[in-house]
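As C-alpha cells, the structure follows; a few thoughts come after it.
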Amino acid sequence: MSCTIKIIQECGGVIETNPNEISQFISGLKVVSNFVGVNTLIVHETTLFHACVFNVNDGSVIKIGKTKYRIHNLIIHANGGTVEIGNDFSCWGVNLRLQEKGSMITIGNDCMFSNDIVIYASDIHAIIDIETGKVINRGRPVIIDNHVWLGRHVSILKGVKLPENTVVGMGSVVTGSFSHGNISIGGNPAHILKSNISWTRKHVDSYNE
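So, in C-alpha cells, the structure goes:
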C-alpha cells in the first residue's frame, strides 16, 4: 500500500509526502488510501481546498491544476482510475466516482461546478447479459472540455463528452455527448436548449444593457 502526494510549489519545486502528513502542507484536504497499489496525487500548494476527501486505491492517479478559486466539497472515489482537472477549477460540491480499473474523468481549464453534482465514469456493480454471460455495463471515460459550467444537482454519466463553453442547467441528467460547443443544455435526458452562447463568472448586474 502506498500513496505518493506531490505538491507543486510556487518556485517550481516539488514536495513529496504521504496522506498522513498532507495537512502540514495543504489544509482542507484529506487523502485516504486503504488498498494495495501505488497511488499518485499531484496538487499545487496555492490551491485552496475546503472539506475535500480523496479516496485513492489500486493504482489511481489524481492531478489537479493550479487554481485561483477555492475548491469546496470535492469528493473523489478512485479505485484504479485517473482524474485530471485543469487550471482554475472551482466547485461547491462534487462527487466523482471511478470504481473500475482504467476508468477516467477529465475536466478542462476554467470550469465552474455548483453543488450536489455527481459524475460517474463507472457503475461499480456488474450487469450481466444472460445469454452471453458478459458484463454489459463497463465504465467509459467522461471528458469535460474547457470553460464548462455545471448548475446544481447535475448528474453526468459514463461515456459523456461535453464540449467547450457548455452550460448545463440545474437538475439535468446528461446521458449522451454533444458534438459542438457554445451551447446550454438541460433536462432528463439533457438536450440542447440554446446555441451560440458563452458564459462568464462575472455577476449579471455587472452588465449594463
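Residue numbering for the sequence shown is 922 to 1130, as defined by the working numbering.
We put the beta carbon where it would ideally sit given N, CA and C, even for glycine.
No experiment lies behind these values; they were computed from the predicted model shown.
Identity of the residues DSSP links to residue i by a beta bridge
{"i": "Glu1005", "result": "Lys984, Thr1027"}
{"i": "Phe1131", "result": "The displayed coordinates of the chain run from 922 to 1130. Any statement about residue 1131 would go beyond what the structure contains."}
{"i": "Trp1070", "result": "Met1033, Val1088"}
{"i": "Lys1115", "result": "Ser1105"}
{"i": "Tyr1041", "result": "Arg1018"}
{"i": "Asn1000", "result": "Asn978"}
Rounded C-alpha distance that separates residue i from residue j
{"i": "Ala1047", "j": "Ile1006", "result": "28 angstroms"}
{"i": "Met1091", "j": "Asn941", "result": "37 angstroms"}
{"i": "Asn1058", "j": "Asp1044", "result": "7 angstroms"}
{"i": "Gly986", "j": "Leu969", "result": "12 angstroms"}
{"i": "Ala1101", "j": "Gln945", "result": "Looking at the sequence provided, one finds His at residue 1101 rather than Ala. Cα to Cα, His1101 sits roughly 44 angstroms from Gln945."}
{"i": "Asn976", "j": "Lys989", "result": "24 angstroms"}
{"i": "Val1089", "j": "Gly1107", "result": "6 angstroms"}
{"i": "Asn960", "j": "Asn978", "result": "6 angstroms"}
{"i": "Ser1127", "j": "Thr1121", "result": "11 angstroms"}
{"i": "Ile983", "j": "Ser923", "result": "14 angstroms"}
{"i": "Asp1050", "j": "Gly934", "result": "51 angstroms"}
{"i": "Pro1062", "j": "Glu1021", "result": "11 angstroms"}
{"i": "Ile1065", "j": "Val1095", "result": "12 angstroms"}
{"i": "Val1015", "j": "Leu995", "result": "5 angstroms"}
{"i": "Pro1110", "j": "Lys1082", "result": "14 angstroms"}
{"i": "Ile1040", "j": "Leu962", "result": "19 angstroms"}
{"i": "Ser1093", "j": "Asp1037", "result": "12 angstroms"}
{"i": "His1124", "j": "Trp1070", "result": "14 angstroms"}
Coil, strand or helix - residue i by DSSP
{"i": "Val1075", "result": "coil"}
{"i": "Ser1100", "result": "coil"}
{"i": "Ser944", "result": "helix"}
{"i": "Val1015", "result": "strand"}
{"i": "Val1081", "result": "coil"}
{"i": "Ser1127", "result": "helix"}
{"i": "Lys951", "result": "strand"}
{"i": "Lys927", "result": "strand"}
{"i": "Ala1047", "result": "coil"}
{"i": "Phe1010", "result": "coil"}
{"i": "Asn1058", "result": "coil"}
{"i": "Glu1052", "result": "coil"}
Buried versus exposed call for residue i [16 or more other C-beta atoms within 10 Å across all chains shown]
{"i": "Val1056", "result": "exposed"}
{"i": "Pro1084", "result": "buried"}
{"i": "Gln930", "result": "exposed"}
{"i": "Gly1097", "result": "exposed"}
{"i": "Ile1113", "result": "exposed"}
{"i": "Lys1079", "result": "buried"}
{"i": "Asn1086", "result": "buried"}
Contact under 8 angstroms by Cβ, residue i with residue j
{"i": "Ser1024", "j": "Gly1054", "result": "no"}
{"i": "His998", "j": "His971", "result": "no"}
{"i": "Ile1028", "j": "Ala1042", "result": "no"}
{"i": "Ile1032", "j": "His1074", "result": "At residue 1032 the sequence reads Cys, which differs from the Ile that was named. No, the pair does not count as a contact, with Cβ atoms beyond the cut-off."}
{"i": "Val952", "j": "Ile926", "result": "yes"}
{"i": "Gly1072", "j": "Ser1035", "result": "yes"}
{"i": "Ser1116", "j": "Ile1104", "result": "yes"}
{"i": "Ile928", "j": "Val974", "result": "no"}
{"i": "Ile947", "j": "Glu966", "result": "yes"}
{"i": "Gly980", "j": "Gly949", "result": "no"}
Cβ of residue i within 8 angstroms of any chain C Cβ
{"i": "Asn1086", "result": "Of the protein chains in this structure there is only one, and it is not chain C."}
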